[in-house]
Structure formats: structure tokens, C-alpha cells
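Taking it in order: structure first as C-alpha cells, then the write-up.
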Amino acid sequence: FNELHISLLPKMNDKQKRAFNTFEKRIKDNIEWSKQHLPSISRLPGIISPERYDVEITPFIPGSGKYHFSKNMTFDGSVEMSFTVRQETSEIIVNAHRMVIDVDSIQVKDSRNNTVEVSTLEIAKDFENGILKIPLAKKIAPGLKYSMSISYTGFIFDKPHQGVHSNYNFYEFNGKQGWIFSTDFEGGPGSRSLMVCCDEPSYKASFHISVRHPADMTALSNMYHAGTTVLNDGWAVTRFKETPRMSSHAVSICVGHFASLSAKSESGVLVRAFSWTGMEIYADFSLKVMAGTVDYLADYFNRKFPISKLDMVALPQHADLGAMGSWGLILGNYKSLIVDKDYADAKTLAEVAITVAREVVHQWFGDLVTMDWWSDLFLSEGFAEYFAASGVQHVLPEQREYLRNYAPFYHSLVGMQNDCRAGVSVPVISEDEGLFTSAVHKKASSLLRTLSKTISEPTFHKGIRSYLNRNAYGNADPKELWSTLKDACAEDGVKGWNGKNLDVSTFMKNWTTKVSFPIVKVSTGRNGLVTYRQESCLGDDTTWYIPIVSIFDYHQEMNWFVGKDGSSPVWRQASPLSRVDNVGGSSFIRMYYDKVTWKSLLRNVGMVYDVATQGTLLRDAWFFVSTGNYSWPQFLDLVKVIQWDDSLIKWTTGLEFFEELYHRFRFHKDLPTIT
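This is the structure in C-alpha cells:
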């Protein structure tokens, strides 16, 4: 709305202004009402703690298996959950969604195999939140172990969207339509539609999974298979090895007519790429990226991949054309995971490589260490974006320049696009449920890069290793991440703005919990003094602790910018400006210069030769032209002094303004002169 105000307000008459203000108020009121009256999904009370699940799933999809037609596009499931009681209770509360429960099958037993009577007539289902309440005839005591078994029927949906679904819009070599059974729980609490469980990230347990499936199909899950037995009537059952402790949303199952390519990474992990028959030949590139990224991360984190295999399945359909990196099994849309190298351009190859590497990173950030709740997706998605480029760089060293420079630049570019719009800008860490948007994830990656650059890569490396070791097979929140990084900073003597050991939590608080980002404005006063001032891009009162890397006379140094005016003599100097700030775009900020200071900056651009710094100057200047804060002559003066080589960073902005010029002058007689 701020952007609309800026662009439309001068052109509005009084009637239009009243209509616009009414519309804006209505939208904001609706948002506030939704926050108050449509709360986040209800959470479990924490009375029980699951330790192990024995799960068997039987999907009824067309194949060799015979079944009654009424079963088509459903699945049968049975679960035995072993759990410990945390506090005395007379009911068991678990998650179950979109399934028909066989109440007569419910059995609860203690550790001595004695039956605990279930009050079946009082079983209640909260359909709104996917919660199942199972009353008991007597209370069960805390500290003791119990088990509960239950059978049910679930539904297979025809569109892949957060749950149990089928893929069907493809054909086998024999001309018959093919079918695939698959899961997708990336949207959060979705595994409750596959099995009765405690479906929250903090309820970690081991899973022993069996899949009964048409014998002519292949069944895949998180772990390597422990054996397949052929049954009667065209059925088979595949049993999988028990998983390490993990969250329920990481459970993944896929059944279909698959063909695959396989390889072994240098660290000994079996990697396999599956797709429907005939498409597997396009998975060799992805296989190489998978294996190399596993090796790179295992070495970087000094922690081997804890599972003996890592599979990837390229599906005809998948929610949001993306992918999900469950432990040991990556599922995603084929357009994102495999590629025909003979016809693909460089952009497509890069996108596939980054997507595959990102899902491999999730094996550590998201699966090995899981966020406490969905509001902490920063700990999963931010790290996945941050480390993906490094993994690909290990596999494709010839792309080093692209991955080291363009990938971070692109993350900040996308992260900033929506982060200066009132009502659209959202914080990276929020009390609300996690935000599955590309812009938020890329902003999170950019903030991690700022942190790494500030404390140094070796210190960041040390802190991340410690974070993974402390929280392996468990859960974490941002406070634990900041704490381990703070310890690493103390060990390495990294100082903050106050001269004391850097408090990472204080440093990162506003960057991650507040909306938008700072604009650092540089101006020259009538007294000839160049001063700096920070403002929120949204115009609120938020201030950030900003580490700004600057070049003075070809010498580079980092200084802290604190408060509105920087709180240091470094941010006040006699005119003309003698430096270039935010070198390499290392901080998630924009630099703004008034007209007098802009002329000095143009003379200083010759001090910086790296493409990231010049690209960042272009990016910021183009933003201020687009918002009416810079004139076109100002911007074009920068275009003239920039060194135009083949850098993708510079041409990302260059193509934008050339396109803008073309559209403005395409019917003008001077177009050939301009272009």
C-alpha cells in the first residue's frame, strides 16, 4: 500500500482518496480479524511421548493387486504406537485426519501386556484440527510405558497437495495409464492423514514401516528395504529398516512402476534416482549432484550421513512444482529434479542442481535437527538455501563464479522484493506458522550470509558444527542456534559494536523478528559534512545493528552502524565522500545517496572491481529509480561508470532497465539511438 500511495496519491482526487483509504482499512481490518478469530492449528497437550511406531500401509491403486472396487483410491493403515506417559491421564490424545477409524480395533496395553480398557463409545474426533481423543476406563500412571494399536482407512486424493495423493497424468510404455501413490507433508502437519500419530515436530520417534502394494510396483520409504515378500492375488509386502528418531512429517512413502539409476558417494552412501519408466535416463545429472552434496556436507559438518541410502523420486505431479527432502527419500516434481542435458539451457541446469542440493541439505537441517515448531522454519529453509550453492559448487567447480557470487546476490534480490511492502512484508521468525515462500527463505539465507561474513566463515563453521552436534536427532529453536554461535564467537574473540564478545542473539533479533530491512541514507549537509542515517524501508521506528564493510582508498574494513546515526565518528566525514559501502553486498541493506554525495560515489566506483559490489550498487540504484527517489539521469550516470563485463549479477539489473527503456521508447523515433 505504501508503493500504491506513492505512485497514485498525486493523481487522485478527493473522492478517489476516500475510496482508496476505505479499501486499505478494510483489508487491514480483515487481516487483524483473521489473526484473532482463525488461530493456528491446535497443539497436543504433551501428555504422552511416542518412542516407536510400527506402521503398515496398503494403498489401493490400479496395478496387479486385486481388490474390491469400493476400495479404489483409498488405503488401509494400521499403527502400533509405543509411548511413555508424562503425566497421569484418563485419555490418549493423538492426531488423525481424513480417515475412518475402526474403533473396535483400538487396543491399549501396558508394558506387561495387560489390556487397558478403552471407552469406545466416548471416542471423539476434532475434525477441525485433526485430533482424536481416546478415553480410557481408568487412569494410566506417568513414567510407565504403554502401546496402542489402531486400524483405519484413509483416502488418496487426486491432486498432490499436503497429504496422501496419487499421480496419474502419465503413460507407461505399453500405452496404459500409470498410477503412483505418494505422500507430501511439506506443508506441516500432514502425516496425520497417513497414520494416527503425534504429528508435531517435537514428538520424535523411530518408525518401522511396511508397505503392502501391487507386486508389479516398487515401494520406497525413508530407509533401505529389509525384504519383500510376494503374496497372493498380485500383492507383495515390502518391509523397511527402522528409522532413526525423527518427526512424523519426515515419514515418506512412494509406490509405483519405477526405474532408477544408482551410484555410491565417496563417503559410502548409496544414492538412487527414480522416476517412471523411461524418464530415469534424465536423472544422471541429479544423481551426480546428490552424491557430491552428501559428501560435501558430511565433510563440512564432520558428521556422516546417518542413513545408508538416499533416494530421489521425480514425480509427474507434486505440490507447488517443488520438492520435499524427507530423511532418506526426496520426492518432487520431475521438472525440478531431472533434466535432459542435451536440450536444457544453463538456467535450467542451475535450477535443478540447486533444488536437488537444497533437499540434500534438509537431511541435516530439518531431519537430523528439526525445528521445535513450524514458526521456526528459518532453521530448516534458511540453511537449505544457504548451503545448497556450496554443495553444487563442490560438484561443479567450473561454476564457482556463478555459485559464489550470483547465488547470494540473487537471494538478497528476491528477499528484498517483497520486504518493503506494507501488508506483504513478513518476518523470518514469527509466532505464526511457518511461511513457505521463496522470498522469506531467500531472505533467511541472506541473513545467514550476513552473519557468516560478520563473524568470519571459520567461526560460523565452528558454531554450526556445534549446533548440529548438540541437537542431533532432536529439536531446536533459534535461541539454541544463537547460543552456539555466541559460544563460537567468544572462543574466537569476535567482538560486537560495544567492544565485548558478540551477542549473536541481540545482533540477529531485529533482523529475524521484525519486518523489512534498513536503508542507510548518505547525505552531504550545507556545512560540507557527509553523514549517515538508517531508516526502515517501511518507515517504522525499527533500527538494526548493521555490520557495514567499506572500502577507503582501496583498503577494506568493517564497522558497526548502531542507532539512527551510526553512533561513531566513522559515519561522519568531510565532503567529498571517499569510500564505497556495503562491499560485496554482504549486509541485507540498501544504500541511498543524495544528489551531492552521489557525484562523489560515482568517482569512487573505480576503487571496487568485484562484480558483487558493482552489482549491488546497480540493484539499489534501480530500486530507487523505480520508486521515484532517483532520477533517470542519476541512474544512467552509474550505468556509464560500471564496468560492463559478462557478469550475470550486473546484467540481472541491466536487462531490467533495458527492458524498461525499450517499453518506454519502442514507438519513439529515437529508439535505435537509445538502444
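No gaps in the numbering here: position 282 of the sequence shown is 282 in UniProt numbering, and each next residue is one more. Glycine is no exception: its CB is placed at the ideal position from the N, C-alpha and C atoms.
With C-beta atoms as the reference, is residue i less than 8 Å away from residue j?
i           : j    : result
P201        : M371 : yes
Y152        : M99  : yes
E480        : Y467 : yes
S265        : A226 : no
G65         : G234 : yes
K443        : V424 : no
M195        : G46  : no
Y402        : I338 : no
E656        : W622 : yes
D637        : L661 : no
K309        : R272 : yes
A263        : S326 : no
V369        : A472 : yes
C537        : S516 : yes
V289        : A344 : no
residue 683 : F258 : The requested residue 683 is not part of the displayed model; the chain covers only 1 to 675.
Measure the alpha-carbon distance for residue i versus residue j and round it to whole angstroms.
i    : j    : result
T22  : T543 : 31 Å
E381 : M12  : 42 Å
P39  : L287 : Note that P39 has pLDDT 49, beneath the 50 cutoff, so the model's placement of it is unreliable and the number below is only indicative. Rounded to the nearest angstrom, the two C-alpha atoms are 42 Å apart.
H441 : R212 : 37 Å
W571 : K521 : 11 Å
A612 : F409 : 7 Å
M558 : V549 : 4 Å
H68  : L379 : 46 Å
L502 : P142 : 43 Å
V494 : T454 : 9 Å
A346 : L648 : 12 Å
H318 : D158 : 11 Å
M217 : G256 : 5 Å
E56  : I209 : 6 Å
Q573 : Y630 : 23 Å
K139 : Y203 : 22 Å
G332 : H97  : 23 Å
G499 : D553 : 25 Å
Cutting at 8 Å between CB atoms, please list the residues of its own chain near residue i, excluding the five before and the five after it.
i    : result
V230 : A215 and A236
N510 : T542, T543, W544 and Y545
I354 : A388, A389, V392 and A407
Please list, in chain order, all residues of the same chain as residue i whose beta carbon is under 6 Å from its beta carbon, the five residues on each side excluded.
i           : result
residue 714 : Residue 714 is absent from the model: the chain starts at 1 and stops at 675.
M279        : none
D311        : L220, R272 and L329
F387        : V361
K145        : T84 and S111
Pick helix, strand or coil for residue i, following the three-state DSSP scheme.
i           : result
D620        : helix
E200        : coil
G493        : coil
A19         : helix
L403        : helix
Y67         : coil
P39         : Reliability of the predicted coordinates at P39 is poor, the pLDDT of 49 falling under 50, and the value obtained from them is presented with this limitation in mind. In this structure, P39 counts as coil in the three-state DSSP scheme.
L589        : First, the amino acid is wrong: residue 589 is Ile here, not Leu. Coil, per DSSP.
V562        : strand
D216        : coil
T115        : strand
M371        : strand
K443        : helix
M99         : strand
N501        : strand
residue 690 : Nothing can be reported for residue 690: it is not among the residues displayed for the chain, which extend from 1 to 675.
V356        : helix
G154        : strand
H668        : coil
N13         : coil
S149        : strand
N469        : helix
E385        : helix
Grab me the residues of residue i's own chain with a C-beta within less than 7 Å of its C-beta, minus the 5 sequence neighbours each way, in chain order.
i    : result
I551 : R579, V580, V583, M607 and V608
S412 : S446, G585 and F588
T74  : F60, T153, G154, F155 and I156
S438 : V414
V641 : L602 and V605
Distance cutoff 8 Å, beta carbons only. Does residue i sit that close to anything in chain C?
i    : result
P576 : The structure shown contains no chain C; it is built from a single protein chain.
Go through the segment 241 to 294 residue by residue and report every complete run of the beta strand (DSSP E) that reaches 3 residues or more, in order. Listed in chain order, the complete beta strand (DSSP E) runs (minimum 3 residues) inside the segment 241 to 294 are 253 to 256, 258 to 264 and 270 to 276.
Write down every uninterrupted run of the alpha helix (DSSP H) in the segment 309 to 341 whose length is 4 residues or greater and which is fully enclosed by it, in chain order. 334 to 337
Contained beta strand (DSSP E) runs [length at least 3] in the segment 498 to 582, N- to C-terminal order: Fully enclosed beta strand (DSSP E) runs of no fewer than 3 residues occupy 518 to 524, 529 to 536, 546 to 552, 555 to 561, 572 to 574 and 579 to 581 of the segment 498 to 582, in order along the chain.
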